[in-house]
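For the protein sequence lines, the chains are V and D, in the order given.
Using this note's numbering, the first residue of the first sequence is number 1, and each one after it goes up by one.
Using this note's numbering, the first residue of the second sequence is number 104, and each one after it goes up by one.
For glycine and all other residues, C-beta sits at the position ideal for the given N, C-alpha and C.
Source: prediction; values computed, not measured.
One structure is given here, and the rest of the page talks about it.
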Amino acid sequence: MNLTLLMYLIPSLIMFGCGVYGFITRKNMIAIMISLELMLNSVDINFVVFNRYLFPGQMDGMFFTLFAIAIAAAETALALAIVINVYRAAKNVDIEQIRKLKF
Amino acid sequence: MESVGNIILYFVIAISIIVFSVLTVTTRQILRSATYLLFVLFATALLYFQMDYEFLGAVQIAVYAGGIVVLFVFSILLTHKPGDDTPALTSHRRWLGITAAVASLALCAYAVFSFDAFGGRLMAAMPELTIDKIGHFLLSTDKLGYLLPFEAVSVLLLACIIGGVVIARKR
């Protein structure tokens, strides 16, 4: 039995699907961020796997993942700061209850 | 032909990624969801180690498991009472989510499985990826160097620090 490229794409595909499902169904802002992290992580796996299998001598996929991790960290820190600020103002992080910016 | 240990490691990684990502989005307690996310990130780091990208696996553990998950846990504890479940989903919302997830999965799976030019490719030998090679590549100004994105990320992180302080500070 051989480990082909396709076998590594399947877990990342399922991880992305879970992220999409969670992003739509969750009502808690922090849970939505967690689903977003799942989607970002599956894309990182794809970058690394394609780099390792198709271009083993180069490092571009690895560097894309490295920068994606850095940007994901920055984005999460800012988004969680916003969530905590919203909680301070509205005493809630449920997106169905926070309707002041709507309409 | 791969070694048996490699195949066992692959199945451990794949099964834990699949199971824990499903649990992350279906569990009712948000703190558990963050914990399952941590397991998914550890499995991903293991996958990077298996692909011989040791530096990337270390960065994944340090930044994701050490930074982002801790941030999630802190903000969950700041905004939730421990032990309260999220209310059950309305069925219309769940069906919307399942439809979107299955549609995107089907589209991606069709793209992956129908384009079989590289699907059966095996892992080729890689020249050893030493840390000084990574450092030279990261800071080189050659045609394929990554100095400009490196500096751009440093400015982005500075902007993120200032933004986080400004947003979260008490007025």
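Among the options, the one whose alpha carbon lies nearest that of residue i
i: Thr202/D; options: Ile32/V, Glu96/V, Tyr21/V and Leu5/V; result: Tyr21/V
i: Pro56/V; options: Leu210/D, Pro230/D, Val268/D and Leu259/D; result: Pro230/D
i: Ala212/D; options: Leu3/V, Met15/V and Asn2/V; result: Met15/V
i: Ala262/D; options: Ile95/V, Ala73/V, Tyr87/V and Leu3/V; result: Ala73/V
i: Phe175/D; options: Ile121/D, Ala220/D, Ser136/D and Gly267/D; result: Ser136/D
i: Gly169/D; options: Ala148/D, Val122/D, Phe123/D and Phe253/D; result: Ala148/D
i: Val269/D; options: Ala81/V, Glu96/V, Leu36/V and Ala89/V; result: Ala81/V
i: Leu260/D; options: Asn28/V, Ala68/V, Asn41/V and Glu96/V; result: Ala68/V
i: Ile265/D; options: Glu75/V, Ile95/V and Lys100/V; result: Glu75/V
i: Tyr75/D; options: Tyr53/V, Leu66/V and Tyr8/V; result: With chain D represented from 104 up to 274, any question about residue 75/D goes unanswered, as that position is not in the structure.
i: Gln132/D; options: Tyr156/D, Glu105/D and Ile179/D; result: Ile179/D
i: Ile237/D; options: Phe63/V, Val86/V, Asn85/V and Tyr87/V; result: Phe63/V
i: Ile110/D; options: Gln153/D, Lys273/D and Phe177/D; result: Gln153/D
Minimum Cβ-Cβ distance from residue i to chain B less than 8 Å
i: Ile34/V; result: The structure shown has no chain B; the protein chains it does contain are V and D.
Contact check, residue i vs residue j, beta carbons under 8 Å
i: Ser12/V; j: Asn46/V; result: yes
i: Ala49/V; j: Thr182/D; result: Note on identity: in this sequence residue 49/V is Val, with Ala being the wrong assignment. Contact: no.
i: Val143/D; j: Ala70/V; result: no
i: Val172/D; j: Leu134/D; result: no
i: Val83/V; j: Ile24/V; result: no
i: Leu6/V; j: Val215/D; result: yes
i: Phe253/D; j: Met59/V; result: no
i: Leu225/D; j: Asn41/V; result: no
i: Ala77/V; j: Gly200/D; result: no
Minimum Cβ-Cβ distance from residue i to chain D less than 8 Å
i: Ile82/V; result: yes
i: Val20/V; result: yes
i: Val93/V; result: yes
i: Arg52/V; result: yes
i: Ala74/V; result: yes
i: Ala90/V; result: no
i: Ile24/V; result: yes
Closer than 9 Å at the beta carbon, the chain V residues around residue i
i: Glu105/D; result: Met1, Asn2 and Leu3
i: Tyr113/D; result: Leu3, Met7 and Tyr8
i: Arg196/D; result: Ile24, Thr25 and Lys27
Chain D residues whose Cβ lies nearer than 8 Å to that of residue i
i: Met39/V; result: None at all; the shortest Cβ gap to chain D is about 10 Å.
i: Val43/V; result: Under the 8 Å cutoff, chain D gives no residues; its nearest Cβ is about 11 Å from Val43/V.
i: Ile71/V; result: Val256 and Leu259
Residues of its chain near residue i, where Cβ-Cβ distance is below 7 Å and the 5 sequence neighbours each way are ignored
i: Ala79/V; result: Met33
i: Tyr275/D; result: The requested residue 275/D is not part of the displayed model; chain D covers only 104 to 274.
i: Ser124/D; result: Val143
i: Gly61/V; result: Phe47, Val48, Phe50 and Asn51
i: Ser119/D; result: Phe142 and Ala146
Same chain, Cβ closer than 6 Å to residue i, five either side skipped, listed in chain order
i: Ala39/V; result: Note on residue identity: the sequence assigns Met, not Ala, to residue 39/V. Result list for Met39/V: Phe16 and Gly19, in chain order.
i: Thr130/D; result: Ser136
i: Tyr8/V; result: Val49
CB contact below 8 Å: residue i versus chain V
i: Tyr213/D; result: no
i: Ala203/D; result: yes
i: Val162/D; result: yes
i: Phe142/D; result: no
i: Phe152/D; result: no
i: Gly170/D; result: yes
i: Ile110/D; result: yes
Chain-ordered chain D contacts of residue i [CB-CB under 7 Å]
i: Ala68/V; result: By Cβ distance, chain D contributes nothing, its closest Cβ being about 10 Å from Ala68/V, past 7 Å.
i: Ile14/V; result: Ile121 and Ser124
Chain V residues whose Cβ lies nearer than 7 Å to that of residue i
i: Leu251/D; result: Those within 7 Å of Leu251/D in chain V number zero; the least Cβ separation is about 11 Å.
Chain-ordered neighbours of residue i on chain D, where CB pairs are closer than 9 Å
i: Ile30/V; result: Ile133, Ser136, Ala137, Phe175, Ser178, Ile179, Thr182 and His183
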